[in-house]
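Inspection log for the structure reproduced underneath, given as structure tokens.
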């Protein structure tokens, strides 16, 4: 080997170490990491007086099956029905245009007005059940796995027929939508690493003490990587130090790049929900009275309006904007954070809106293994 080639190989090795160290530092600094690749969100329009019964029934009849499936990494049950100070009330629930300090519509005109699609979305559901899966192969096996597990335990009986008698009568409608996890800032607890659930995890749910807040962003595909970086540098950096913050997760309807697709076994699965408004779904009932075996898929309407959702967790009463400005001042003394992120962050998305949820319980194990 020539000295030139040997020197080149050494430089490559040093560069590799340097890049690897920088990447490791970035993860440490932001607290973000890869996690379960797939989030399957079930949106339920539960009859308001049946929410408690619905939750108890779901936990007793569905969750015992899901928590044992290979690749399963827990669930989270959320509701937008107010209680104990969650969720926050919408200031003007009848106005589709809501004031917002930084919105640039279609990345062109600063309007300081958001098109609040969430006001319409709230009318379609009051409960979300989020299921987390290690990879896309595991997610694809989700429904067949449930059916098989129930049939094995019940002498060949069908799960859909059973739930049509016990669970679906409690709801007006349900549908499901798949998202790809970009990164999560939530940590795996020591209690979760050893148990008798899927792949040796302990997926026993616990009631969270924080609210789950969702921010929707319409980010163009060619701006996603830049958006994530700017989010970490300008929002997460000043949000994470706030007392009570428990982490953020970034999910998207945009497909992964080749390396991630291979790692997570992504093979062009549908993201953000199917295009059809009416989707076959065994057991589903309309208005809890007529079995239609058909899901009214509202995601078909909302899919074009966003590409990224951030889920972040805070206790009630936190004055986020004030706290974020205080943290921003440490590196930008005297500068208005609102003006800064209006320019560098909100200019990367076409629209944005917020939604709030009260968590009932969660067993999310934020690990990619």
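In our numbering, the protein residues as written are 3 to 371.
All C-beta atoms in this analysis are idealised placements derived from N, C-alpha and C, irrespective of residue type, glycine included.
Everything numeric in this text was worked out from a predicted model, so none of it was measured.
Keeping to the same chain, check which residues put their C-beta closer than 6 Å to that of residue 100; ignore five residues upstream and five downstream.
Counting from one through the chain shown, the residue named residue 100 turns up at place 98. Once the five neighbours on either side are set aside, the close Cβ partners of residue 100 are 116, 118.
Tell me whether the beta-carbon of residue 180 lies closer than 7 Å to the beta-carbon of residue 273.
If you number the chain shown from 1, residue 180 lands on position 178. If you number the chain shown from 1, residue 273 lands on position 271. Yes, Cβ-Cβ distance for residue 180 and residue 273 is below 7 Å.
What number of angstroms, rounded off, separates the C-alpha of residue 225 from the C-alpha of residue 308?
Start at 1 with the first residue of the chain shown, and residue 225 comes out as number 223. Start at 1 with the first residue of the chain shown, and residue 308 comes out as number 306. Residue 225 and residue 308: Cα-Cα distance of roughly 13 Å.
Between the C-alpha atoms of residue 360 and residue 261, what's the straight-line distance to the nearest angstrom?
Taking the chain shown and counting its residues from 1, the one referred to as residue 360 is at position 358. Taking the chain shown and counting its residues from 1, the one referred to as residue 261 is at position 259. Distance between the alpha carbons of residue 360 and residue 261 is about 36 Å.
If I'm right that residue 397 touches residue 249 with Cβ under 8 Å, what's the distance once you round it to whole angstroms?
The displayed coordinates of the chain run from 3 to 371. Any statement about residue 397 would go beyond what the structure contains.
Tell me which residue opens and which closes the beta strand (DSSP E) that residue 266 is part of.
Within the chain shown, numbered from 1, the residue matching residue 266 stands at position 264. Segment 260-266 is the alpha helix (DSSP H) holding residue 266; no beta strand (DSSP E) there.
Identify every run of the alpha helix (DSSP H) within the region 104-186, keeping only runs that are complete inside it and at least 4 residues long; order them along the chain.
120-123, 138-142, 144-155, 161-168
So, for residue 81: in the same chain, excluding its five sequence neighbours on each side, which residues have a beta-carbon less than 7 Å away from its beta-carbon?
For the purposes of this step, residue 81 is taken as the residue at position 79 of the chain shown. Closer than 7 Å at Cβ, skipping near neighbours: 53, 128, 129, 359, 360, 362.
Please state whether the Cβ-Cβ distance between residue 135 and residue 253 is less than 7 Å.
Start at 1 with the first residue of the chain shown, and residue 135 comes out as number 133. Start at 1 with the first residue of the chain shown, and residue 253 comes out as number 251. Not closer than 7 Å, so no.
Mind checking which residues open and close the alpha helix (DSSP H) that includes residue 312?
Reading the chain shown from its first residue, position 310 is the one you call residue 312. Here residue 312 belongs to no alpha helix (DSSP H); instead the beta strand (DSSP E) covers 310-316.
On the DSSP bridge list, what partners appear for residue 360?
By 1-based counting over the chain shown, the position of residue 360 is 358. Paired residues: 81.
Where does residue 74 sit, in a helix, a strand or coil, going by DSSP?
Numbered from 1 along the chain shown, position 72 holds the residue referred to as residue 74. Strand at residue 74.
Which stretch, first to last residue, makes up the alpha helix (DSSP H) that contains residue 54?
Position 52 of the chain shown, counting from 1, holds the residue named residue 54. First-last of the alpha helix (DSSP H) with residue 54: 53-63.
Count the other CB atoms, across all protein chains shown, that sit within 10 Å of the CB of residue 264; report buried if there are 16 or more and exposed otherwise.
By 1-based counting over the chain shown, the position of residue 264 is 262. The residue in question, residue 264, is exposed, as its Cβ has fewer than 16 Cβ neighbours within 10 Å.
Hey, could you find the ends of the beta strand (DSSP E) residue 99 is sitting in?
As a first step, residue 99 is located in the chain shown; it is residue number 97 there, counting from the start. Per DSSP, residue 99 belongs to the beta strand (DSSP E) from 99-101.
Compare the C-alpha of residue 110 against each of 357, 349, 65 and name the closest.
Taking the first residue of the chain shown as 1, we reach residue 110 at position 108. Each of 357, 349, 65 was checked against the Cα of residue 110, and the nearest Cα belongs to 349.
At what residues does the beta strand (DSSP E) containing residue 40 begin and finish?
Position 38 of the chain shown, counting from 1, holds the residue named residue 40. Taken as a continuous stretch (DSSP letters only), the beta strand (DSSP E) holding residue 40 covers 40-48.
When the Cα atoms are used, what is the spatial distance from residue 2 to residue 267?
Since the first residue of the chain shown is 3 and the last is 371, residue 2 is not available in this structure.
Taking 7 Å as the threshold (C-beta atoms), are residue 112 and residue 106 in contact?
For this step, residue 106 is matched to residue 104 along the chain shown. For this step, residue 112 is matched to residue 110 along the chain shown. Yes, Cβ-Cβ distance for residue 106 and residue 112 is below 7 Å.
Just the Cα atoms here: how many angstroms apart are residue 255 and residue 141?
The residue labelled residue 255 in the question sits at position 253 within the chain shown. The residue labelled residue 141 in the question sits at position 139 within the chain shown. A direct Cα-Cα distance of roughly 15 Å separates residue 255 from residue 141.
Mapping the DSSP letters down to three states, classify residue 286 as helix, strand or coil.
Walking along the chain shown from the start, residue 286 turns up at place 284. Looking at residue 286 - three-state DSSP - the assignment turns out to be coil, as it is neither helix nor strand.
Exposed or buried, what is residue 196 when buried is set at 16 or more other beta-carbons lying within 10 Å of its beta-carbon?
Position 194 of the chain shown, counting from 1, holds the residue named residue 196. With fewer than 16 Cβ atoms within 10 Å of its Cβ, residue 196 is classed as exposed.
By how many angstroms is the C-alpha of residue 316 removed from the C-alpha of residue 58?
As a first step, residue 58 is located in the chain shown; it is residue number 56 there, counting from the start. As a first step, residue 316 is located in the chain shown; it is residue number 314 there, counting from the start. Going by the C-alpha atoms only, they are around 25 Å apart.
Considering only residues of the same chain and omitting the five flanking positions on each side of residue 291, which have a CB-CB separation below 8 Å?
Position 289 of the chain shown, counted from the start, is the residue given in the question as residue 291. Excluding positions up to five away in sequence, the list reads 171.
Could you give the distance in angstroms between the alpha-carbon of residue 346 and the alpha-carbon of residue 217?
As a working mapping, residue 346 is identified with position 344 in the chain shown. As a working mapping, residue 217 is identified with position 215 in the chain shown. Rounded to the nearest angstrom, the two C-alpha atoms are 17 Å apart.
For residue 367 versus residue 75, is the C-beta distance shorter than 7 Å?
As a working mapping, residue 367 is identified with position 365 in the chain shown. As a working mapping, residue 75 is identified with position 73 in the chain shown. The answer is yes: Cβ separation under 7 Å.
Which value, in whole angstroms, describes the spacing of the CA atoms of residue 357 and residue 95?
On the chain shown, position 355 is the one that residue 357 refers to. On the chain shown, position 93 is the one that residue 95 refers to. Those two C-alpha atoms are separated by around 12 Å.
Just verifying my parser: in three-state terms, what is the DSSP assignment at residue 280?
As a working note, residue 280 is residue 278 in the chain shown. Correct three-state label for residue 280: strand.
Taking only the alpha-carbon atoms, compute the straight-line gap between residue 43 and residue 221 and give it to the nearest angstrom.
As a position in the chain shown, residue 43 is number 41, starting the count at 1. As a position in the chain shown, residue 221 is number 219, starting the count at 1. Computed Cα separation, rounded: 20 Å.
In this structure, what does DSSP give as the bridge partners for residue 366?
Residue numbering aside, residue 366 sits at position 364 when the chain shown is read from its first letter. The partner list for residue 366 (beta bridge, DSSP) is empty, contrary to what the question assumes.
Kindly indicate which residue of 208, 193, 210 has the alpha-carbon position closest to the one of residue 202.
Numbered from its first residue, the chain shown carries residue 202 at position 200. Nearest of 208, 193, 210 to residue 202, Cα basis: 193.
What number of angstroms, rounded off, separates the C-alpha of residue 87 from the C-alpha of residue 318?
Against the chain shown, residue 87 aligns to sequence position 85. Against the chain shown, residue 318 aligns to sequence position 316. The alpha-carbon atoms of residue 87 and residue 318 are separated by roughly 7 Å.
Can you look up residue 347 in the DSSP assignment and give me helix, strand or coil?
In the chain shown, the residue the question calls residue 347 occupies position 345. The answer is coil: DSSP assigns residue 347 none of H, G, I, E or B.
Applying the criterion that 16 or more other CB atoms from any shown protein chain within 10 Å of the CB defines a buried residue, is residue 351 buried or exposed?
The count along the chain shown starts at 1 and reaches residue 351 at position 349. Buried, because 16 or more other Cβ atoms sit within 10 Å of the Cβ of residue 351.
So, for residue 242: in the same chain, excluding its five sequence neighbours on each side, which residues have a beta-carbon less than 7 Å away from its beta-carbon?
Reading the chain shown from its first residue, position 240 is the one you call residue 242. The answer, listed in chain order, is 33.
Candidates 120, 166, 178: which alpha carbon is nearest residue 145's?
In the chain shown, the residue the question calls residue 145 occupies position 143. Nearest C-alpha to residue 145: 178.
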